[in-house]
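Please read the structure below before turning to the comments.
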C-alpha cells in the first residue's frame with residue numbers, strides 16, 4: 001500500500017511538471033500572458049465551473065492586464081479586459097469571426113441536418129472570401145433596423161402588450177395575485193411573437209408557448225452536444241413538436257401574414273437552399289433571439305423600479321408628462337417614451353449593466369497580431385465578458401455594484417457619459433451586435449410604462465425579496481433565482497379609465513449601444 005501511494009504521488013508530480021513544461025514550450029512569447037496555471041490546463045476549468053463569470057472579474061482585479069491567455073488542453077482562450085482591444089477585435093471581423101461559432105451551435109441547439117450545415121458553411125465561406133458583402137445572418141436581420149418594417153412590428157407588438165396586460169382585469173377583478181416573473185414571461189411571449197409572426201402566430205397556442213420554454217430550459221445540454229436525446233428528453237421532444245408546428249406555418253403560407261422580418265428571413269433560407277424541415281427547426285431556435293433575453297430584461301427593469309419608491313415615483317412622474325387625456329380616456333405614444341423618458345431608459349440600461357452575463361466570442365481563423373501587439377493563434381477563441389466591463393469601478397465609480405437609476409440619463413456631466421460606450425456590452429457589439437435591440441428595447445420600455453402608469457404592484461409578503469441572477473451557459477440576461485409573488489391592482493386614479501397605447505413614428509431608433517451613437521461597427 002505504501003509503495004503504491006508513493007508511486008501515485010511520484011506519478012502526479014511528474015505529470016504536473018510535465019504539463020508545466022509543455023505549457024511553456026507551446027506558448028509563444030508574443031501571445032498575451034498566461035494566467036490560471038496553478039494546475040496547468042486544469043485551473044481555468046475549475047475556475048469557470050466554480051466562479052462562473054466572476055472568474056474573469058477576479059482575474060481582472062488580481063492582475064490588471066488588458067488581455068491574457070487561458071490554456072486548456074487542446075485550445076486557447078484569449079480574454080479581453082479593455083474597450084480599446086474590444087474595438088480592435090471587432091474591426092478584425094473576417095479573421096476573428098462569430099459566424100463560424102453560431103453556425104456550429106445552431107446545428108446543436110436546432111438539431112439541423114447535415115445538408116443545413118453544408119449550406120451554412122458555404123454561406124460563411126462566401127462571406128469570408130469577400131464574394132458576398134454580408135453574412136446571411138446580417139442580411140436577414142437588416143429589416144430590424146429603424147424604419148417602416150420595424151415600426152410595423154412595434155405597433156403589432158405594442159397592441160398585443162396592451163391587450164395581454166389588460167386581459168387579467170377584463171372580468172372586473174380589482175386585483176390579481178401572480179408570480180411577477182411568470183406574469184411578465186407570459187405577456188412578453190405572446191406580444192413578441194405576435195410582432196414577429198403576425199395574425200397566424202403559432203405561439204398563440206398555449207402548447208407551443210409551453211413547449212418553447214421546455215426546449216429553452218434544455219439549451220445548456222443541447223449546446224454541449226452530449227447525448228441530448230437522453231439527457232434532455234423533454235426538451236428534445238418539445239423542440240420536435242414545435243418544429244412540426246413551424247413546418248405547417250411555412251408550408252401553409254401563414255408566414256406571409258407575419259412581419260417583414262419573418263418573410264425576409266424565410267426568403268433568405270429558401271434562396272440559400274435550406275430544406276423546409278431545417279427552416280422550421282431554425283425558427284424554433286429563433287425563439288432564443290426574440291424571447292430568452294427579452295423576458296428577463298423586462299423583469300429586471302421593472303423589478304428595480306418597483307422595489308424603490310423614489311425610483312418608482314421619478315419614473316412615473318416622467319411618464320405622466322407624456323400622457324394625453326381626452327374625453328375618450330388616456331393615450332400614450334410609445335415614441336415619446338423611447339425618445340423623451342431618460343430616467344426610464346436609464347433604469348432599463350442600468351438593470352442590464354448590473355445583470356448582463358453576455359460574452360462576446362470569436363473564433364480565430366488565422367494567426368493574427370491584434371493591435372500590432374498581441375499574437376492570437378489560429379483555432380483559438382477570443383472572449384469578451386460583459387461582466388468585466390460592467391463591474392469595473394474605474395469606469396463606473398465606487399457605486400458600480402449598486403443600482404443607480406439615473407446613471408445613464410442624458411446629462412453631459414454624468415460619469416456614464418464619459419465612459420467609452422464600447423464598455424456597455426449587454427447587446428454585444430461589432431458584427432455580433434444584437435440586431436433586434438431596437439425591437440426589444442421598445443417592448444421593454446412599453447411594458448414597463450404600461451405597468452407603472454396604470455397599476456400598483458406590491459409583494460404579497462409585505463416586502464420585496466432581494467433577488468440574484470442565475471448563471472446560464474446560453475443566456476445573456478439571467479433569470480432571477482426565485483419568484484416574487486405580487487398583488488397587482490389598478491391605481492385609484494386609473495380605475496375606470498380607458499387606456500390606449502400606440503406608436504406614431506419609430507424615428508431613428510434608440511442609442512442603446514456604441515454603434516447607435518457613432519453609426520458604425522466600432
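Residue numbers (the UniProt record's numbering): 1 to 522. In this text, a Cβ means the ideal position worked out from N, Cα and C, and glycines have one as well. Only a predicted model underlies this, so the values are computations on that prediction, with no experimental measurement involved.
Closer than 6 Å by C-beta to residue 519: which residues in its own chain qualify, once you throw out the five before and the five after it? Chain order, please.
Interpretation of residue 519 is limited by its pLDDT of 49, a score under 50 that renders its predicted location unreliable; the figure taken from the coordinates is listed afterwards. Excluding sequence neighbours, residue 519 sits near nothing in its chain.
Can you tell me whether DSSP reads residue 35 as helix, strand or coil?
strand
Buried or exposed: where does residue 182 fall if 16 or more other Cβ atoms within 10 Å of its Cβ makes it buried?
exposed
Would the beta-carbon of residue 220 fall within 8 Å of that of residue 479?
no
Under 7 Å Cβ to Cβ from residue 265, same chain only, skipping five residues before and after it: list those, please.
140
If you draw a straight line from the C-alpha of residue 217 to the C-alpha of residue 77, how long is it?
27 Å
Cβ of residue 152 within 8 Å of Cβ of residue 325?
no
Where residue 40 sits in the DSSP three-state scheme:
coil
Please check the pair residue 56 and residue 79, which I expect to be a contact at CB under 8 Å, by giving their CB distance rounded to whole angstroms.
6 Å
My output table needs one value for residue 504: the three-state DSSP class, helix, strand or coil.
coil
List, from N- to C-terminal side, the beta strand (DSSP E) runs of 3 residues or more that fit wholly inside the stretch 445-504.
455-459, 485-490 and 499-502
Short Cβ contact (8 Å threshold) for residue 197 with residue 262
yes
What residue does the beta strand (DSSP E) around residue 324 start on, and which one ends it?
323-326
Contiguous beta strand (DSSP E) assignments of at least 3 residues, all confined to the stretch 32-102:
67-72 and 75-80
Tell me which residues share the same chain as residue 314 and place their Cβ nearer than 6 Å to its Cβ, disregarding the 5 neighbours each side in the sequence.
343
Residue 366 versus 360, 355 and 381, residue with shortest Cα-Cα distance
381
Taking the C-alpha atoms as reference points, what is the distance between residue 394 and residue 400?
9 Å
For residue 329 and residue 499, I'd like the C-alpha separation in whole angstroms.
6 Å
Ranges of the alpha helix (DSSP H) found wholly within the stretch 320-360, counting only runs of at least 4
334-340 and 342-355
Would you kindly work out how many angstroms separate the C-alpha atoms of residue 192 and residue 95, rounded to a whole number?
34 Å
Rounded to whole angstroms, what is the Cα-Cα separation between residue 522 and residue 178?
At residue 522 the pLDDT is 41, less than 50, meaning the model places this residue with poor confidence and gives no usable figure here.
Roughly how many angstroms lie between the CA atoms of residue 461 and residue 29, to the nearest whole one?
59 Å
In whole angstroms, give me the CA-to-CA distance for residue 356 and residue 511.
18 Å
Check for me: the beta strand (DSSP E) holding residue 179 runs from which residue to which?
175-179
Tell whether a beta-carbon distance below 8 Å holds between residue 573 and residue 165.
Nothing can be reported for residue 573, as the shown portion of the chain is limited to 1 through 522.
Can you find the residues in the same chain that come closer than 8 Å, C-beta to C-beta, to residue 396, ignoring five residues on each side of it along the sequence?
353, 390, 407, 415, 416 and 419
If we require 4 or more residues per run, which alpha helix (DSSP H) segments fall completely within the stretch 159-236?
180-197, 206-217, 219-224 and 228-231
Contact under 8 Å by Cβ, residue 119 with residue 273
yes
Within 10 Å of its beta-carbon, does residue 482 have 16 or more other beta-carbons around it, so buried, or fewer, so exposed?
exposed
Between the Cα of residue 207 and the Cα atoms of 359, 239, 454 and 372, which residue gives the shortest distance?
239
Tell me where the beta strand (DSSP E) around residue 146 begins and ends.
Note, residue 146: premise wrong, no beta strand (DSSP E); not H, not E.
Residue ranges of each alpha helix (DSSP H) run of no fewer than 4 residues wholly in the stretch 247-317, ordered along the chain?
260-272, 276-287 and 294-306
Reducing DSSP to helix, strand and coil, say where residue 385 ends up.
strand
Secondary structure at residue 365, three-state DSSP: helix, strand or coil?
coil
Looking only at DSSP bridge pairs, what is residue 374 linked to?
370
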